[in-house]
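In short: position in the sequence shown from 1, add 41, done, that's our numbering. As structure tokens, the structure follows; a few thoughts come after it.
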Amino acid sequence: MKDPLAKIPAAPGRLPVAGHLPRLLRRPLGFLGSLREVGPVVRLDLAGRPVCVATSPQAAHDIFSTHGRHFDKGRLFDRLRPVLGNGLITSNGTLHTRQRKLLQPAFNHAHLVSYTQTMARRAEAFAHSWHIGDRLELYQTLLDLTFATAAEVMFSSESAIDVPIAQAMAHVNAGILPQALLPAPLARLPLPPNLRYQRATRQLHTTIDRTVNRYRTEPTERDDLLFALTTARDDNGQPMPDAQIRDEVITLLLAGSETTATVLSWTFYHLGRHPQTEQHLTEEINAVLADRPIEHADIARLTHTRRVLQETARLHPLAVVMRRSNASTTIDGTAIPQNSEVIISPYAIHRDPNLYPEPLTFAPERWITQPAASLPKGAYIPFSEGTRKCIGDHFAWTSMAVILATVLRHCRLAPDPHHHPRELLAAHPHADRLPVTVQPPLHQTAG
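Set out below in structure tokens:
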């Protein structure tokens, strides 16, 4: 049978049978970044399954925006469907449009102001629970905080925040990318990682279904996202089915906790190794907030804070996003046949030296002379772009700014100088370990 991708340049190092899969699994992030040397669109063979990798900003922009109508969610999202069902991340077509319209009001300005209060209160409580000299595992600590915050926004009542949900979400997140990249027969084998992933999925569904049913049977008005979902009506006056609500709840909890915790943990790591940047940041936070808790209106004034977070999100974005062409199209001048699987790697694009001078250097000041709006379209995509841009991107930026500002007023989280973290293969690569020590805040030691 004729190879439909034969005209697309192939990545070097293909092995018989396994293709490029060993190279991708052995060093996924570095391997994806190396493909820009081959061309704007590169072919990979993953154990007999050909996929294209978009390596240029223009190719990413064409997929997300210019020719976005020619792409649906791809293989990664097929593998996510047993967990997320037809939530906003995995749905396509009219269902995606309907669900986005129903969910959009929950992320408007008025709700973000209210969510900011929850974020600030949670962050204050976490920070005050630490003592000078305490040693923390940073990623897990921040994941606990961001999950508790997202769960309170979702469920309002603290009694509804179920610790097993957080544990299940951790197993799901760890398994997402391996489940997508492995051939289907391997993903179905009764291996320990697969079994953990399947158990976590069942636990999530059971717990969320029980909570949704309680909201349905006890229709007490609540100021939270789940109440908004259970009372939402489409243009025909129809409510959202319970299974759809469950899918959206899991989607929002996963997106609202894991991404935020990952970017924040890397932020504190980089600040610990750039004390002048941390000093500048602390001075800005103290000048804007003085001695009061952060409010939503303050965030626009925390300009250096935003640049620090932007830079971390550049260095540590999603590893891959996947799409599938539903029609023959072109991306960055390359013909893409119908039903082709396409990988976009924000991680690789964000580290392109043609876009970002010294791309591996943590340099928040680059956003002064090179604001995001001045970059080529598709060059900065931490939350995707176009009609598929993450509906909760403002929620995430707000949460990260609130937690960063609150923690830095209370203490420093100094990374272990002898530990060099390794990025783990995950949907959003986080560190294997980030041990930190709680130290006095900079404004106290500087005086």
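Using N, Cα and C, we set each Cβ at its ideal position, and we do this for glycine too. Just so we're clear, the structure is a prediction, and the values are computed from it rather than from any experiment.
Taking 4 residues as the minimum length, the alpha helix (DSSP H) runs contained wholly in the segment 78-142 are 98-102, 116-125, in order along the chain. Residue environment analysis places A338 among the exposed positions, since fewer than 16 neighbouring C-beta atoms fall within 10 angstroms of its C-beta.
Taking C-beta atoms as the reference points, I444 and L129 fail to come closer than 8 Å. Judged by DSSP in its simplified three-state form, E464 adopts strand. Taking a 10 Å sphere around the C-beta of P57, we find fewer than 16 other C-beta atoms and assign the residue as exposed.
As DSSP reads the structure, M363 sits in a beta bridge with I384. In terms of Cβ geometry, R348 and W307 do not form a close pair [threshold 8 Å]. Under DSSP, L56 takes part in a beta bridge, and its partners are G60. Closest in C-alpha terms to V304, from the list N254, F424, H246, comes F424. Per DSSP, the beta-bridge partners of I372 are T375.
Taking 8 Å as the cut-off, the beta carbon of H451 is found no closer than this to the beta carbon of F148. Checking the DSSP bridge columns, you'll see E178 partnered with P476. Considering only L62, P400, T157, the residue with the shortest C-alpha distance to D265 is T157. Residue burial is scored here from C-beta neighbours: N214 has at least 16 other C-beta atoms within 10 angstroms and is therefore classed as buried.
Nearest to A404 by alpha-carbon distance, out of T353, Q145, F167, is T353. Per the C-alpha coordinates, the member of P282, T261, R263 positioned closest to D250 is P282. The alpha-carbon of L322 is positioned some 48 Å away from that of T258.
Burial state of V362 is buried, judged by a 10 Å Cβ sphere holding 16 or more other Cβ atoms. Between I372 and D103, the C-beta spacing is below 8 Å. The beta carbons of Q140 and S132 sit closer together than 8 Å. Taking the C-beta atoms as reference points, A51 is found nearer than 8 Å to R84. Taking all protein chains in view, the Cβ of T252 is crowded by 16 or more other Cβ atoms within 10 Å, so the residue is classified as buried. Its chain contains P387, H469 as the residues whose beta carbon lies nearer than 6 Å to that of L359, once the 5 sequence neighbours on both sides are disregarded; these appear in chain order.
In this structure, the straight-line span from the alpha carbon of H108 to that of D393 is close to 23 Å. Distance from the CA atom of R64 to the CA atom of R116, rounded to whole angstroms, is 19 Å. In the three-state reduction of the DSSP assignment, P146 falls in the helix class. Judged by DSSP secondary structure, P226 falls within the alpha helix (DSSP H) whose first and last residues are 225-229.
Within the segment 303-362, there are no complete beta strand (DSSP E) runs of at least 3 residues.
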